[in-house]
Amino acid sequence: MEASRSDEPVLEVRGLVKHFPLTKGIVFKRQVGAVRAVDGIDFKLYKGETLGIVGESGCGKSTTGRLLMRLDDPTEGQIFFHGEDIAKLSGKAFKAVRRNIQIVLQDPYSSLNPRMTVGDIVGEPFQIHKEVAPKGSRLKQVQELLEVVGLNPEHINRYPHQFSGGQRQRIGIARGLALRPEIIVCDEPVSALDVSVQAQVINLFEKLQNEFGLAYIFIAHDLSVVRHISDRVSVMYLGKIVETGDEAQIYERPSHPYTQALLSAVPVPDPTLRGHRDQIMLQGDVPSPANPPSGCRFRTRCWKVQDICAVEEPELIVRKGLDHPSACHFAEIRSVIDTQVAT
Amino acid sequence: MSQDTINTTADNRPHDGDPNAPVLEVENLHVEFRTRDGVAKAVTGVTFDLLPGETLAILGESGSGKSVTAQAIMGILDTPPGFVTQGSVRFRGVDIQALPEKERRRYRGEKIAMIFQDALSSLNPVYSVGYQIGEMFRVHRGASRADAKTKAIELMDRVHIPAARQRVNDYPHQFSGGMRQRIMIAIALSLDPDIIIADEPTTALDVTVQAQVMQLLADLQAESKMGLILITHDLGVVADVADKISVMYAGRLIEQARSLDLYSNPAHPYTERLLAAIPRVDMKGQELYTIKGIPPNLTDIPAGCAFHPRCPYAQSICSEKTPPLEVVPGDRRSACHFWKEVLDGSLQIR
Ligand SMILES: Nc1ncnc2c1ncn2[C@@H]1O[C@H](COP(=O)(O)OP(=O)(O)OP(=O)(O)O)[C@@H](O)[C@H]1O
Ligand SMILES: Nc1ncnc2c1ncn2[C@@H]1O[C@H](COP(=O)(O)OP(=O)(O)OP(=O)(O)O)[C@@H](O)[C@H]1O
Ligand code: SF4
Ligand SMILES: [Mg+2]
Ligand SMILES: [Mg+2]
Chain A
1 MEASRSDEPV LEVRGLVKHF PLTKGIVFKR QVGAVRAVDG IDFKLYKGET LGIVGESGCG
61 KSTTGRLLMR LDDPTEGQIF FHGEDIAKLS GKAFKAVRRN IQIVLQDPYS SLNPRMTVGD
121 IVGEPFQIHK EVAPKGSRLK QVQELLEVVG LNPEHINRYP HQFSGGQRQR IGIARGLALR
181 PEIIVCDEPV SALDVSVQAQ VINLFEKLQN EFGLAYIFIA HDLSVVRHIS DRVSVMYLGK
241 IVETGDEAQI YERPSHPYTQ ALLSAVPVPD PTLRGHRDQI MLQGDVPSPA NPPSGCRFRT
301 RCWKVQDICA VEEPELIVRK GLDHPSACHF AEIRSVIDTQ VAT
Chain B
1001 MSQDTINTTA DNRPHDGDPN APVLEVENLH VEFRTRDGVA KAVTGVTFDL LPGETLAILG
1061 ESGSGKSVTA QAIMGILDTP PGFVTQGSVR FRGVDIQALP EKERRRYRGE KIAMIFQDAL
1121 SSLNPVYSVG YQIGEMFRVH RGASRADAKT KAIELMDRVH IPAARQRVND YPHQFSGGMR
1181 QRIMIAIALS LDPDIIIADE PTTALDVTVQ AQVMQLLADL QAESKMGLIL ITHDLGVVAD
1241 VADKISVMYA GRLIEQARSL DLYSNPAHPY TERLLAAIPR VDMKGQELYT IKGIPPNLTD
1301 IPAGCAFHPR CPYAQSICSE KTPPLEVVPG DRRSACHFWK EVLDGSLQIR
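Respectively, the protein sequence lines represent chains A and B.
Reminder that position 127 of the first sequence reads as 127 in this note's numbering, one-by-one numbering, no gaps.
Reminder that position 118 of the second sequence reads as 1118 in this note's numbering, one-by-one numbering, no gaps.
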């Protein structure tokens, strides 16, 4: 799925940082440090494409999503929507940006208000952005939205508990679509679903993208799902992007030791590959984001580590012999999975 | 569990001596939950066995009865509302459910141990990990505190927890998710069980940590010929480790086969569709097959084959007659009226 890419990104992030202060004391709080949840990331998102963000638990994926949604303020850095710094916008212009970036969350069980009907949930964004749907047309619009995501429009007066997990996730998607946004941030949107239902929801995301030219930021820890749905992928480790590239560059030609280890650890549903996979076992655990290692943050678990890694932080740049950016002093392509041709 | 709900088999001879006899035989197990909303048939007629050193995967989606099967085997079912209404569980030929509670407890932990998905909530936050690992030795073996601690350190080493001697007095919250899962494995291993039942042991873990934990389990198994029952919904993990697989749907086993056979040529439409529905890390995206509809409600399981409302091949017989788990050539089983046609691919999708 090649995205038809226009030149100007719909969204651009530069030097984005989010530090959560760590405090001590109850009456006199003093800051003793900070959790460096997101620590200087850059990326661009183009119309109609899906950018996957992957990485282990705690690497800053959801925090990035929250910053894009303006649910949290960045400590540093800028977010540009169609080239405009959204921090500098106010009033109408800011509201328009908000309308254009929507979110779909992981948990279809707790992210929907149990006391609201499906119609109220899906139509709620119209209360805030009245300009999108004049009052008289709302019911019809909500019914249309339900239909778009494959739910029965007659179920508009039912409550979330009357739906299955996959159906609830569709309700969340219908709500995300209500304001006809250009961008949807999806934070683990299929992680809580059974595989048979997950496939339905993934296909729905793809169908909607083709129909409406939506751009997705697709956050997930499941690298198989991300490969399936993404045009480009950024791999995060401890608040930083360590490698970024298109789907083939990341999955067929990974160059960062962390990307390689991560990919090689994904089990493949094919027992004939058992023992034939190039599996890289990482030692140890992810260090605390409050106290990341000096130099390269991956060096404490890296099997290629040299002295320079502790001293000099590797930049995310296109290095010699590579065709995409990688933040490793010793970046080198090593194909760890054998891409099959679908039959 | 009340006696009258158990229909035990009289056959209670231990098969001593034969090292290749199954360590565990589960036969026609039925479990139901009697709740206000009705009777949920969580497990219906489950039968399988496990050989020494073998890895059996029980595969199935959420609510299909995997954990309840494990709980019934371990004798830790939540009763009421859960009841074993039929069937037997034999350990080396001995029907454990027929034994008095005190003896059954000895089997738990000593012969069969269990690892749960959520290590943090299975560990007690107020005791050190060393104390919790050593507890098995104190309770089952009457070891002194000092001896139990020495054993705990040994076990922490065995599951590769670095600096075990220094960390033995630390509390669960001071360990990462992967390390807590290894501590759970250490507890399960402590009395050298013959069988470990691991219920989603890596579901809560990141892939790199999952790989470490699965490798650890495989190494330990190779050392000691332990049988392993791995409960999971992850078709990838299963492909990596299982010798044979039992697939559950709505409380029943619907397919049993060696791993290679099941993946290369499934004999049940549900298995076939499930395999087609997962995105693979080694494949570029193409449209995924989906299984229409949703998993059934266990208080109201569809008549006939429980999968028929979602099955692309269903015929009228499928809603009328429940297909038995039939023996299929090649040492496998399938509960589909049309297993022959599924195997040779001659069915048309409706
Ligand atoms: N409000 C907060 N206050 C303090 N620390 C926070 C806060 N929110 C997140 N963090 C920390 O920031 C880091 C990044 O968290 P984040 O939720 O972005 O991770 P993630 O990549 O989404 O992980 P997961 O895969 O587990 O969802 C973690 O160490 C987390 O504990
Ligand atoms: N304590 C209980 N009371 C009532 N019903 C229960 C209880 N425990 C389990 N059940 C029911 O038994 C059925 C099977 O549950 P089980 O936990 O075995 O599913 P599972 O296959 O392990 O699913 P998962 O993958 O979600 O863990 C479910 O429908 C569940 O609601
Ligand atoms: S820079 Fe060094 S430590 Fe970091 S990933 Fe590359 S080799 Fe490893
Ligand atoms: Mg998250
Ligand atoms: Mg379970």
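From the three backbone atoms N, C-alpha and C, an ideal C-beta is built for every residue, glycine too.
Please read these numbers as outputs of a predicted model, since none were measured by experiment.
Of the candidates B:Lys1111, B:Glu1025, B:Gln1086, B:Gln1086 places its Cα closest to the Cα of B:Val1043. Taking 4 residues as the shortest admissible run, the region 1202-1257 of chain B contains the following complete alpha helix (DSSP H) segments, listed from N- to C-terminal end: 1207-1224, 1235-1241. When secondary structure is reduced to three states using DSSP, A:Phe218 falls in the strand class. Look at A:Lys61: its beta carbon is less than 6 Å from one of the heavy atoms in ligand 4.
Partner residues in the beta bridge of B:Gln1086, as assigned by DSSP, are B:His1030. Within chain B, the residues placing a beta-carbon under 9 Å from that of A:Arg227 are Pro1279, Arg1280, Val1281, Asp1282, Met1283, Lys1284, Gly1285, ordered along the chain.
What A:Leu177 touches in chain B, judged by beta-carbon distance under 9 Å, is nothing: the nearest beta carbon there is about 20 Å away.
In this structure, B:Ser1346 has its beta carbon at no less than 6 Å from each heavy atom of ligand 5. For A:Gly77, the Cβ stays outside the 6 Å cut-off from all heavy atoms of ligand 1. Here A:Thr272 is exposed, its C-beta having fewer than 16 other C-beta atoms within 10 Å.
Inter-residue distance for B:Met1214 and B:Ala1198 is about 11 Å (C-alpha atoms, whole angstroms). Under the DSSP assignment, B:Lys1292 falls outside any alpha helix (DSSP H); it carries neither an H nor an E label.
Its chain contains Arg1108, Ile1112, Met1114, Ile1197 as the residues whose beta carbon lies nearer than 8 Å to that of B:Met1074, once the 5 sequence neighbours on both sides are disregarded; these appear in chain order.
Close CB contacts of A:Leu145 within its chain, under the 7 Å cut and outside five residues either way in sequence, are with Val122, Ala174, Leu177, Ala178 (chain order).
Here B:Val1031 is near B:Val1084, since their CB atoms are less than 7 Å apart. The beta carbon of B:Ala1314 does not come within 7 Å of any beta carbon belonging to chain A, so the residue lies off that interface. For the set B:Ala1040, B:Gln1071, B:Ser1062, B:Asn1020, the Cα lying nearest the Cα of B:Leu1050 is the one of B:Asn1020. Relative to the non-hydrogen atoms of ligand 1, the Cβ of A:Val35 comes within a distance shorter than 6 Å of at least one. Inter-residue distance for B:Ser1121 and A:Val132 is about 46 Å (C-alpha atoms, whole angstroms).
Nearest Cα to B:Ile1076 within the set B:Arg1273, B:Asp1219, B:Phe1116, B:Ser1346: B:Phe1116.
Only residues of its own chain outside the window of five on either side were considered, and among them Thr1055, Ala1057, Ser1259 have a CB closer than 6 Å to the CB of B:Ala1242, listed in chain order. In the DSSP assignment, B:Cys1318 falls within the unbroken alpha helix (DSSP H) covering 1316-1320. Distance between B:Asp1018 and A:Asp338, taken at the CA atoms: about 43 Å.
With fewer than 16 neighbouring CB atoms inside 10 Å of its own CB, A:Phe28 falls in the exposed class.
Rounded to the nearest angstrom, the gap between the Cα atoms of B:Asp1078 and B:Ala1072 is 9 Å. Using a cutoff of 6 Å, the CB of A:Pro289 counts as near ligand 1, since one of the ligand's heavy atoms is closer than that. For B:Thr1208, the number of other beta carbons within 10 angstroms of its own is at least 16, and it is reported as buried. At a cut-off of 6 Å, the beta-carbon of A:Ser191 does not count as near ligand 1: no heavy atom of the ligand is closer than that. Excluding sequence positions up to five before and after B:Ala1204, its CB lies within less than 7 Å of the CB of Gln1117, Asp1118, Gly1177, all in the same chain and listed in chain order. Within the region 72-140 of chain A, the runs of beta strand (DSSP E) that reach at least 3 residues and sit entirely inside it are, in chain order, 76-81, 101-104. Relative to ligand 1, the beta carbon of A:Gly58 is positioned inside 6 Å of a heavy atom. Annotated three-state conformation of A:Cys186 is strand, per DSSP.
In the displayed model, A:Lys207 falls within a helix according to three-state DSSP.
Contiguous alpha helix (DSSP H) elements confined to the region 1159-1201 of chain B occur at 1164-1167, 1177-1189, taking only those with 4 or more residues. Residues of the same chain with a CB within less than 6 Å of the CB of B:Arg1034, apart from the 5 flanking positions on each side, are Pro1081 in chain order.
Under the Cβ criterion of 7 Å, A:Asp187 is not counted among the residues facing chain B.
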